[in-house]
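Down below is the structure, laid out as structure tokens.
Numbering (the numbering used here), first residue to last: 58 to 448.
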């Protein structure tokens with residue numbers, strides 16, 4: 058299933074070019090100063106930047122501060138400002154459009170117990186997708202930065218990333234650079250404890266999760282309704298969740314190394330992403346409308362392909378279930394590598410079955426809307442083994 062579905066995450070980045078082509082003004086949400094102004098206008102809680110006048114009047118009691126370029130990502134150029142006479146503050150005064158200076162935010166007291174000592178601000182990435190019914194949650198994860206780090210990314214700084222169940226806000230499992238490069242990738246992200254932390258973050262629910270989701274959905278609707286997907290960074294602080302920034306290219310699943318089955322278990326919207334994309338593209342200037350007959354034929358073809366994949370995943374699930382039972386009988390130890398591998402594969406097959414069923418049901422519903430009542434119903438036919446990834 059991964060071969061026919063996972064690659065869509067990489068291709069998704071290209072569609073952000075279409076976002077900008079059709080609505081170039083939406084690109085401004087990536088500029089942090091513009092983003093904060095939009096949040097303020099909408100009444101969305103955010104990490105408000107200091108004005109040049111605010112910076113000139115700083116006192117020692119206002120320290121520490123956090124300073125970063127207004128249009129960079131991955132923590133590039135970011136630093137903590139400890140004193141009012143730091144010469145870099147003058148750069149923000151001289152070029153206020155190029156720099157963001159803010160009060161240094163703290164992680165929520167609840168979440169700090171699952172982080173290493175003296176961590177940076179650890180942000181949650183919530184990715185929304187624009188569907189025909191408005192924005193929905195596509196993916197979500199949390200970055201846990203390394204001890205004494207300035208920012209929570211990138212991987213190379215020693216931090217970790219943990220997937221979050223989009224529906225519940227519960228942290229699942231994660232990975233770091235070592236696991237991504239050296240550990241058996243077939244086991245999926247398997248960390249539950251952040252590097253340097255004492256308590257596992259796996260199984261912990263992110264505080265005020267529902268509020269965070271609502272904030273991101275509203276931001277997508279109001280700030281950039283023509284963008285297909287947007288990754289929102291949200292900081293969970295003692296004062297509650299705050300909007301930090303927006304990212305028009307945000308392939309969360311790729312960064313985590315997740316496979317299709319895991320994503321379907323954690324992020325219910327993933328199986329519908331291609332359908333959402335097709336519906337979002339309709340009406341765009343560079344996407345010529347397809348004749349209804351072509352649409353119907355295309356949907357029928359995808360349904361057959363998906364049914365074939367579902368049949369295959371179901372068969373593999375049956376075989377894995379039997380194998381798992383046999384392994385547990387012979388060696389019930391949880392640390393048994395073979396037991397871990399088979400358990401992971403069964404988790405993936407269950408996710409694939411779940412996702413494919415969601416996809417097939419949605420496609421049949423769309424097909425029913427296209428075909429007049431009583432005409433051209435989808436006939437029962439053998440599922441079709443795909444010749445290659447569908448477009």
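Just so you know, even glycine gets a beta-carbon here, dropped at the ideal spot from N, CA and C.
Residue interval of the alpha helix (DSSP H) (run including residue i)
i           : result
residue 403 : 394-427
residue 274 : 266-280
residue 109 : 109-113
residue 159 : Unbroken run through residue 159 is the beta strand (DSSP E), 156-160; no alpha helix (DSSP H).
residue 146 : 145-151
Reduced DSSP category for residue i - H, G, I as helix; E, B as strand; rest coil
i           : result
residue 133 : coil
residue 232 : strand
residue 170 : coil
residue 371 : helix
residue 345 : coil
residue 326 : coil
residue 321 : helix
residue 180 : strand
residue 92  : helix
residue 221 : strand
residue 103 : strand
residue 364 : helix
residue 248 : strand
residue 381 : helix
residue 120 : coil
residue 255 : coil
residue 188 : strand
residue 141 : coil
residue 227 : strand
Burial state of residue i (16 or more Cβ within 10 Å)
i           : result
residue 142 : exposed
residue 347 : exposed
residue 317 : buried
residue 354 : exposed
residue 147 : exposed
residue 344 : exposed
residue 260 : exposed
residue 185 : buried
residue 319 : buried
residue 399 : buried
residue 205 : exposed
residue 387 : exposed
residue 262 : exposed
residue 152 : exposed
residue 19  : Since the displayed the chain opens at 58 and closes at 448, residue 19 lies outside it and no answer follows.
residue 395 : exposed
residue 246 : buried
residue 239 : exposed
residue 333 : buried
residue 382 : exposed
residue 371 : exposed
residue 116 : exposed
Contact under 9 Å by Cβ, residue i with residue j
i           : j           : result
residue 377 : residue 402 : yes
residue 197 : residue 217 : no
residue 328 : residue 413 : yes
residue 363 : residue 420 : yes
residue 268 : residue 314 : no
residue 126 : residue 155 : yes
residue 167 : residue 258 : no
residue 428 : residue 323 : no
residue 273 : residue 408 : no
residue 281 : residue 254 : no
residue 415 : residue 325 : yes
residue 102 : residue 165 : no
residue 202 : residue 177 : yes
residue 215 : residue 227 : no
Host beta strand (DSSP E) of residue i (start-end)
i           : result
residue 199 : 191-201
residue 303 : 297-304
residue 290 : 286-294
residue 262 : Neither: residue 262 is in no beta strand (DSSP E) and is coded neither H nor E.
Contact with chain B by residue i, beta-carbon distance below 9 Å
i           : result
residue 329 : In the structure shown, chain B does not exist; there is a single protein chain.
I want to know whether the segment 182-194 touches the segment 202-209 - three or more CB-CB distances under 8 Å. no
Does the segment 96-113 come within contact of the segment 154-161, defined as at least 3 CB pairs closer than 8 Å? yes
Counting Cβ pairs, one atom from each stretch, are 3 or more of them under 8 Å apart for the segment 263-277 and the segment 286-296? yes
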